[in-house]
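Top to bottom, those sequences are chains A and B.
Residues 1 to 161 in this note's numbering are what the first sequence spells out, letter by letter.
Residues 162 to 322 in this note's numbering are what the second sequence spells out, letter by letter.
Cβ coordinates follow ideal geometry from the N, Cα and C atoms, glycine included.
Encoded as structure tokens, the structure appears first; notes follow it.
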Amino acid sequence: MLERFCDWLVRTDLSQLFSSSDWFVPGVQTIHILAISVVVTLLAMLNFRLLRITSSGPTLHSLAIGYIPLVWISLLVLFATGTLLTITEPARELLNNVFRVKMLLVAILIALTATLRLTLRRDPAYWTVSARRRFLGRALALTILILCVGIVAAGRFIAYA
Amino acid sequence: MTGLEIARALEHTPLAVAIAKSNWLFPLLETLHVLAFTVVVGSVAMLDVRLLGLGNMRRSITELTRSVLPWTWSAFVVAAICGAMLFISKASTYYVNIPFRIKFACLVLAAANMLIFHWGARGTLAWDIGPPPVRARIAGAISLALWIAIVSSGRWIGFTT
Chain A
1 MLERFCDWLV RTDLSQLFSS SDWFVPGVQT IHILAISVVV TLLAMLNFRL
51 LRITSSGPTL HSLAIGYIPL VWISLLVLFA TGTLLTITEP ARELLNNVFR
101 VKMLLVAILI ALTATLRLTL RRDPAYWTVS ARRRFLGRAL ALTILILCVG
151 IVAAGRFIAY A
Chain B
162 MTGLEIARAL EHTPLAVAIA KSNWLFPLLE TLHVLAFTVV VGSVAMLDVR
212 LLGLGNMRRS ITELTRSVLP WTWSAFVVAA ICGAMLFISK ASTYYVNIPF
262 RIKFACLVLA AANMLIFHWG ARGTLAWDIG PPPVRARIAG AISLALWIAI
312 VSSGRWIGFT T
């Protein structure tokens, strides 16, 4: 079923147009990497703060207000550029298990980042009010950081799978 | 000894041979290189956006620099070490590769731009919390353009080797 969809997609005019260009894939991948840079850097800074590895500068709440909207915008750019790359080479992505793992990790990352934002919106001190919350906050931050590493690694390993 | 001969000699060092022969070492180093590079680019972009007067305006240049630059330098060290190890594994191929040379030239120019700006801005704190002057905006724009060129040429290497 998915193989048939890939066969159909790769024969569409759009896919043929994209793949006939020498610069299209590297160009779109460049934008994709720049958007990943924004997501990884902002989430690293935010979650290092939640882990209490960094402590100077703005509060966790004000960092979240400033950074998380930019993370959402960058994720939209990643979705758009990722879609273009998938249209260009559908089998390379959709039939690849590493790509599926990457998408699963991205879905979990979005859910956890949304959880972080919602809890801080409800209460700016949410992750500091009790020892249990502090522990959970650290676990959440560590999970988000591991997911970022996993997503970048999976993205790189798609080429080798 | 010419540059190409040095590159060939590097390629035959035990470490280079080990990286080239291993099935997993090259992708692993590449993943670490990309991961570290995303943090370098993301953190530099945060400062550049502030210098351009397009964002982070509530934070002073001094405070933003103090919180962002440790990220930039730590990640840069990791990216440089991994990049050097990737380079020696195919040194003669990369040495003659045009996108690789462009990437390296842009790195040197980005470093020079940063040094010139910091040297010129010594003790100039009048605009630390206000809108940046034209020279700061120019430095931010040049830096951002160079880092986009570095990512782009870095991506291009994979399509030309």
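Chain B contact for residue i (CB, 8 Å cutoff)
i: residue 92 (chain A); result: no
i: residue 157 (chain A); result: yes
i: residue 45 (chain A); result: yes
i: residue 81 (chain A); result: no
i: residue 71 (chain A); result: no
i: residue 196 (chain A); result: Because chain A here runs from 1 to 161, residue 196 (chain A) falls outside it and cannot be looked at.
i: residue 41 (chain A); result: yes
i: residue 101 (chain A); result: no
i: residue 98 (chain A); result: no
i: residue 38 (chain A); result: yes
Buried or exposed by the 16-neighbour rule on C-beta atoms within 10 Å, applied to residue i
i: residue 195 (chain B); result: buried
i: residue 81 (chain A); result: buried
i: residue 43 (chain A); result: buried
i: residue 97 (chain A); result: exposed
i: residue 30 (chain A); result: buried
i: residue 321 (chain B); result: exposed
i: residue 232 (chain B); result: buried
i: residue 84 (chain A); result: buried
i: residue 164 (chain B); result: exposed
i: residue 291 (chain B); result: exposed
i: residue 56 (chain A); result: exposed
i: residue 167 (chain B); result: exposed
i: residue 199 (chain B); result: buried
i: residue 316 (chain B); result: buried
i: residue 179 (chain B); result: exposed
i: residue 135 (chain A); result: exposed
i: residue 20 (chain A); result: exposed
is_contact[residue i, chain A] using C-beta, thresh 8 Å
i: residue 166 (chain B); result: no
i: residue 312 (chain B); result: yes
i: residue 271 (chain B); result: no
i: residue 206 (chain B); result: yes
i: residue 202 (chain B); result: yes
i: residue 320 (chain B); result: yes
i: residue 262 (chain B); result: no
i: residue 316 (chain B); result: yes
From the options, residue whose alpha carbon lies closest to that of residue i
i: residue 203 (chain B); options: B:244, B:180, B:261 and B:236; result: B:236
i: residue 250 (chain B); options: B:317, B:208 and B:191; result: B:191
i: residue 14 (chain A); options: A:90, A:68 and A:64; result: A:90
i: residue 289 (chain B); options: B:256, B:221 and B:240; result: B:221
i: residue 303 (chain B); options: B:255, B:223, B:205 and B:317; result: B:205
i: residue 113 (chain A); options: A:141, A:127, A:122 and A:101; result: A:141
i: residue 11 (chain A); options: A:159, A:87 and A:105; result: A:87
i: residue 227 (chain B); options: B:215, B:208 and B:248; result: B:208
i: residue 312 (chain B); options: A:16, A:136, A:38 and A:54; result: A:38
i: residue 124 (chain A); options: A:17, A:109, A:63 and A:79; result: A:63
i: residue 296 (chain B); options: B:183, B:171 and B:274; result: B:274
i: residue 41 (chain A); options: A:145, A:105 and A:100; result: A:145
i: residue 77 (chain A); options: A:117, A:35, A:110 and A:103; result: A:35
i: residue 318 (chain B); options: A:17, A:25, A:1 and A:4; result: A:25
i: residue 5 (chain A); options: A:94, A:117 and A:53; result: A:94
i: residue 154 (chain A); options: A:27, A:46, A:103 and A:2; result: A:103
i: residue 143 (chain A); options: A:3, A:8 and A:116; result: A:116
i: residue 265 (chain B); options: B:276, B:245 and B:210; result: B:245
i: residue 65 (chain A); options: B:217, B:223, B:234 and B:224; result: B:217
Minimum Cβ-Cβ distance from residue i to chain D less than 8 Å
i: residue 234 (chain B); result: Among the protein chains in the structure shown, which are A and B, there is no chain D.
Handout entry: Residues of the segment 209 to 232 of chain B with Cβ closer than 9 Å to any Cβ of chain A, in chain order
Key = 216, 217, 219, 220, 224, 225, 227, 228, 229, 231 and 232
Practice task
Output, in sequence order along the chain, the residues in the segment 47 to 65 of chain A whose CB is closer than 8 Å to any CB in chain B.
Solution key: 54, 56, 57 and 58
Handout entry: Interface positions of the segment 10 to 36 of chain A facing chain B (Cβ-Cβ less than 7 Å), listed along the chain
Key = 26, 29, 30, 33, 34 and 36
Handout entry: Continuous alpha helix (DSSP H) assignments of at least 4 residues falling wholly in the segment 29 to 98 of chain A
Key = 60 to 88 and 90 to 94
Problem - Interfacial residues, the segment 275 to 309 of chain B to chain A, with Cβ spacing under 8 Å - result: 309
Practice task
Give, in chain order, every residue of the segment 135 to 160 of chain A whose Cβ lies closer than 7 Å to some Cβ of chain B.
Solution key: 149, 152, 153, 156, 157 and 160
Handout entry: Residues within the segment 242 to 259 of chain B neighbouring chain A, beta-carbon criterion of under 7 Å
Key = none
Exercise for the section: Output the residue ranges of the alpha helix (DSSP H) runs that lie fully inside the segment 243 to 273 of chain B and measure 4 residues or longer, sorted by chain position. Expected result: 252 to 256
Exercise for the section: Would you list, in chain order, the members of the segment 180 to 198 of chain B that have their beta-carbon closer than 8 Å to a beta-carbon of chain A? Expected result: 188, 191, 192, 195, 196 and 198
Practice task
For the segment 103 to 129 of chain A, enumerate the residues whose C-beta is nearer than 7 Å to any C-beta of chain B, in chain order.
Solution key: none
Problem - Entirely enclosed alpha helix (DSSP H) segments - the segment 174 to 216 of chain B, minimum 4 residues - result: 175 to 182 and 186 to 212
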